[in-house]
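Below is one structure, written out as structure tokens; comments come after it.
Numbering (full-length UniProt numbering), first residue to last: 1 to 192.
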């Protein structure tokens, strides 16, 4: 049966080629492959909310919000997403993914401020990245309607928020001595 199926496929291709129908089809397939090689996949996200903070380019922002727990602000979640906030108040910490709209290009290598040597960009938390996506674990104080009151933030005022997730220690903290040692190299932990 498999042999018969193959013969039918070959016969169909021959008929298409002889009729001239296969040429436009093959041209479209080849064009699609070339287009994929030339044009990376376009991804479009829409913000679900916005940060309201006292942080501006003039005041600066901490390298990591968790290092400055006194930084307070709010996240205004747009009304159409308010129902998605249900039960979020049960969590003490949340992960906020945002668009770093003020980021200025990127380069590699990068030398973290407290490090003695440079690292490849993807081995750092530099805000200047090919895709300006920020990621912070921040303390959730309370939820009032569509407003999240948060602490330990590192996003500038009016930074667009892309997503919010609960921070789950059993999933989001796998541990790992190697990563702890590297934190010393990039200047996050004091060397002993």
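Where a beta carbon is used, it is the ideal one built from N, C-alpha and C, also for glycine.
- Residue 72 and residue 151 do touch by the CB rule: their CB atoms are close to 5 Å apart, below 8 Å.
- In this structure, DSSP gives residue 88 a helical state, which the three-state scheme calls helix.
- Beyond the five residues adjoining it in sequence on each side, residue 120 comes within less than 8 Å, by CB distance, of 108, 109, 110 in the same chain, given in chain order.
- Per DSSP, the continuous beta strand (DSSP E) segment holding residue 163 begins and ends at 160–166.
- Assignment of residue 72 by DSSP, reduced to helix, strand and coil, places it in the strand class.
- The distance from the Cβ of residue 97 to that of residue 133 is about 6 Å, consistent with a contact at the 8 Å cut-off.
- Residue state for residue 170 is assigned as helix, using DSSP reduced to three classes.
- Between the alpha carbons of residue 102 and residue 158 lies a gap of roughly 10 Å.
- With fewer than 16 other beta carbons inside 10 angstroms of its own, residue 41 counts as exposed.
- Boundaries of the beta strand (DSSP E) harbouring residue 96: 93–99, taken from the DSSP string.
- When beta bridges are read from the DSSP output, residue 140 appears opposite 150.
- Residue burial annotation: residue 136 is buried, with at least 16 other C-beta atoms found within 10 angstroms of its C-beta.
- Residue environment for residue 122: exposed (fewer than 16 other C-beta atoms within 10 angstroms of its C-beta).
- Leaving aside the five residues that flank residue 163 on each side, the residues in its chain whose CB is nearer than 7 Å to its CB run, in chain order, 48, 97.
- Ranking 44, 182, 145 by CA distance to the CA of residue 75 puts 145 first.
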